[in-house]
Amino acid sequence: MRASKDVLADLAKGQRPYATIVGCSDSRVAPELLFDAGLGDLFVIRVAGSLMSPEVFGSVQYAGTYLGVQLVMVLGHDGCGVVKAALAARCQGARERARIQTLLQRVLPGLADVDPRLSSSEQMAQAVEANVRWSMRQLLETAEGRARLAQGKMKLVGAVYETATGRVRLLA
Ligand SMILES: [Zn+2]
Numbered sequence: 694m695r696a697s698k699d700v701l702a703d704l705a706k707g708q709r710p711y712a713t714i715v716g717c718s719d720s721r722v723a724p725e726l727l728f729d730a731g732l733g734d735l736f737v738i739r740v741a742g743s744l745m746s747p748e749v750f751g752s753v754q755y756a757g758t759y760l761g762v763q764l765v766m767v768l769g770h771d772g773c774g775v776v777k778a779a780l781a782a783r784c785q786g787a788r789e790r791a792r793i794q795t796l797l798q799r800v801l802p803g804l805a806d807v808d809p810r811l812s813s814s815e816q817m818a819q820a821v822e823a824n825v826r827w828s829m830r831q832l833l834e835t836a837e838g839r840a841r842l843a844q845g846k847m848k849l850v851g852a853v854y855e856t857a858t859g860r861v862r863l864l865a
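Everything in the sequence shown is counted per the working numbering, starting at 694 for the first residue and increasing by one.
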């Protein structure tokens with residue numbers, strides 16, 4: 694993707710992204726490509742598992758405070774490797790290498806209600822959604838998140854990207 698000289702000159706003056714996206718690092722889930730967005734359109738925070746950490750919170754806060762971004766989307770996707778590993782840790786006691794384990798620790802609390810009686814593919818689908826909702830809940834539970842929401846300065850949405858169809862499904 695190459696931007697025209699006019700667009701580049703405009704972007705050199707500053708950015709006005711219309712949304713912040715907290716998404717997964719998975720190579721199949723690049724938000725700019727999924728949403729057909731150009732340079733300057735999206736403020737994207739990607740971390741394996743679309744999870745919340747202090748750095749992710751800080752990045753969302755930066756976009757809201759300094760760039761005036763009001764729309765925040767947490768974007769998960771089917772077949773997410775981190776969610777899968779977290780499920781394996783929860784159900785089979787599987788252990789990952791220490792740094793990966795750090796990721797799982799942030800994801801696991803959100804999977805508490807995944808029903809172990811479901812088939813593994815159903816558990817996975819439930820876990821992917823639960824993980825998005827868990828990240829959303831953590832954003833909402835900050836004092837700033839609550840305040841911005843109350844002032845109508847933040848709209849938070851959750852979505853799951855379906856890798857097979859290329860569709861982004863918004864969570865109700
Ligand atoms: Zn993923």
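The beta carbon of each residue, even a glycine, is placed where N, CA and C say it ideally should be.
Item, Value
"Below 7 Å between beta carbons: does that hold for GLN763 and LYS846?", "yes"
"Using the Cα positions of VAL823 and LYS698, report the straight-line distance between them to the nearest angstrom.", "The question names Val, yet the displayed sequence has Ala at residue 823. When rounded, the distance between both Cα atoms is 43 Å."
"Taking the alpha helix (DSSP H) that ARG721 belongs to, which residues open and close that run?", "Neither: ARG721 is in no alpha helix (DSSP H) and is coded neither H nor E."
"Relative to ligand 1, what is the chain-ordered list of residues with a Cβ closer than 5 Å to any of its non-hydrogen atoms?", "CYS717, ASP719 and CYS773"
"State whether the stretch 724–737 contacts the stretch 700–715, with contact taken as three or more CB pairs (one from each stretch) at a distance under 8 Å.", "yes"
"Within its chain, find whatever has a CB closer than 6 Å to the CB of TYR759; leave out the 5 residues flanking it on each side and keep chain order.", "none"
"Start and end of the alpha helix (DSSP H) containing ARG839?", "836–843"
"Could I get the ranges of all uninterrupted alpha helix (DSSP H) runs contained in the stretch 725–793, with 4 residues as the minimum, in chain order?", "747–759 and 774–785"
"So for GLY859, helix, strand or coil by DSSP?", "coil"
"Taking three-plus beta-carbon pairs below 8 Å as touching, is the stretch 836–844 in contact with the stretch 794–807?", "no"
"For GLY761, collect the residues of the same chain with a Cβ closer than 8 Å to its Cβ; drop the 5 residues on either side in sequence, then sort them by chain order.", "ARG709"
"Please report the straight-line C-alpha distance between ALA779 and ASP703, rounded to a whole angstrom.", "43 Å"
"Is it right to say GLY851 is buried, meaning 16 or more other beta carbons lie within 10 angstroms of its own, or is it exposed?", "buried"
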